[in-house]
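**Student:** Quick one: the structure is below, and I'll ask about it shortly.
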Amino acid sequence: MAFGTQTPMKSKLPPSEPTASEHPAHQPDRVRPLVRAIKGHLEALQGREITYEDLAGYVGQAASSVFDKFQRTQQPQIEALLGWIERLPESTRNQLINSACRCYPTLDHPRLNHDPVQVSRLKTLLRQANGLAVVQGGNDGLRTFLITALGHSCGRLEPERRQVCGIDVHEPDWFVPVDGVVYLNNLLDPTRLREFINLAWPGIAEMKSRLTILNGIWAGVQNLEAEISLLAPRRNVIFADEFRFKLEDLSRLGVAPIHILTIAEDMQSRVRVAFQQI
């Protein structure tokens with residue numbers, strides 16, 4: 043044997059037998075019960091059957107892909123995530139999951155439900171057959187929180203009439219978007235904003251929705267006052283904007299009822315809503 047060379051060590055395992063590192067960690071069938079439990083809780087929360095199409099829409103996937111998750115016993119990507127986080131302390135695990143989830147504003151959120159009277163008034167507002175509501179005051183994030191909470195809560199109050207539509211200028215990167223609302227990903231250019239609104243408005247006006255929410259786009263729809271005057275008698279329309287609406291401008295729309303919701307935030311980050319009807 044030449045100096046400096048070594049004879050390769052032969053494996054003591056038969057060639058056909060995999061080594062320990064080739065064995066995947068044992069994975070119980072836990073993904074299917076998990077996704078089915080999530081579906082069940084969503085149905086209880088929303089008071090209606092959640093379809094595969096609904097679940098697909100929540101995550102931007104095909105319904106067939108969602109159906110597959112409910113049928114297959116092995117889901118390597120989900121199982122890998124569970125296998126990693128289950129090795130963390132429970133407090134750390136919960137913190138990481140919560141930090142990865144976007145805010146889900148509803149009328150039951152602690153920032154709103156600290157005041158049962160204001161929640162009751164907001165629910166009454168949502169149950170109206172028609173009218174115009176204006177959200178003003180606070181900052182952009184606060185107004186977006188409230189109008190999004192109203193959008194999410196509309197379907198939970200009346201599942202059989204849950205349709206919501208609208209336009210929101212924001213990017214839904216910190217909050218869960220409302221189904222049926224078009225988000226413009228922080229579009230700030232006024233010319234492009236007006237172009238998009240003029241293009242999208244006919245479809246919104248024709249929808250048989252329960253609620254139409256319009257967030258941050260008042261500057262782009264002022265030329266549509268006549269259309270809004272025709273829309274509000276048939277459904278609830280809710281505006282949110284930094285623009286301070288004048289009573290005479292709102293009265294000129296000829297819509298009844300008109301509600302002004304002026305919002306503020308206290309030291310504990312709780313939302314306070316002052317109501318005015320004209």
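Taking our numbering, the leading residue of the sequence shown gets 43, the next gets one more, and so forth. C-beta: ideal position from N, C-alpha, C; glycine also.
When the Cα atoms are used, what is the spatial distance from P50 to L124?
**Tutor:** The predicted position of P50 is uncertain, since its pLDDT is 47 and thus under 50; no value can be drawn from it.
**Student:** In the DSSP assignment, find the unbroken alpha helix (DSSP H) run with F287 in it and report its ends.
**Tutor:** Premise fails: F287 is in no alpha helix (DSSP H) and is neither H nor E.
**Student:** Any idea which residues DSSP pairs F317 with across the strands?
**Tutor:** L303.
**Student:** So, do the region 212-219 and the region 301-320 have three or more beta carbon pairs nearer to each other than 8 angstroms?
**Tutor:** no
**Student:** Measure the alpha-carbon distance for F285 versus Q178 and round it to whole angstroms.
**Tutor:** Their backbone Cα atoms lie some 7 angstroms apart in a straight line.
**Student:** Can you give me the C-alpha to C-alpha distance between G197 and G89, rounded to a whole angstrom?
**Tutor:** 9 angstroms
**Student:** Assign Q160 to buried or exposed, taking buried as 16 or more other Cβ atoms, counted over all protein chains shown, within 10 Å of its Cβ.
**Tutor:** buried
**Student:** Please state whether DSSP places Q310 in a helix, a strand or coil.
**Tutor:** coil
**Student:** Per DSSP, which one or two residues make a beta bridge with Q178?
**Tutor:** Looking at the DSSP assignment, Q178 forms a beta bridge with T304.
**Student:** N181: buried (16+ other C-beta within 10 angstroms of its C-beta) or exposed?
**Tutor:** exposed
**Student:** From V206 to Y94, what distance separates their C-alpha atoms?
**Tutor:** Inter-residue distance for V206 and Y94 is about 19 angstroms (C-alpha atoms, whole angstroms).
**Student:** Have a look at S106, E121, I255, T190 and flag the residue whose alpha-carbon is nearest the alpha-carbon of N172.
**Tutor:** I255
**Student:** For R129 and Y100, I'd like the C-alpha separation in whole angstroms.
**Tutor:** For the pair R129 and Y100, the Cα-to-Cα distance works out to about 28 angstroms.
**Student:** So for C207, helix, strand or coil by DSSP?
**Tutor:** Three-state DSSP puts C207 in a strand.
**Student:** Excluding the 5 residues flanking R169 on each side, which residues of the same chain have their C-beta closer than 8 angstroms to its C-beta?
**Tutor:** These residues qualify, in order along the chain: L199, E200.
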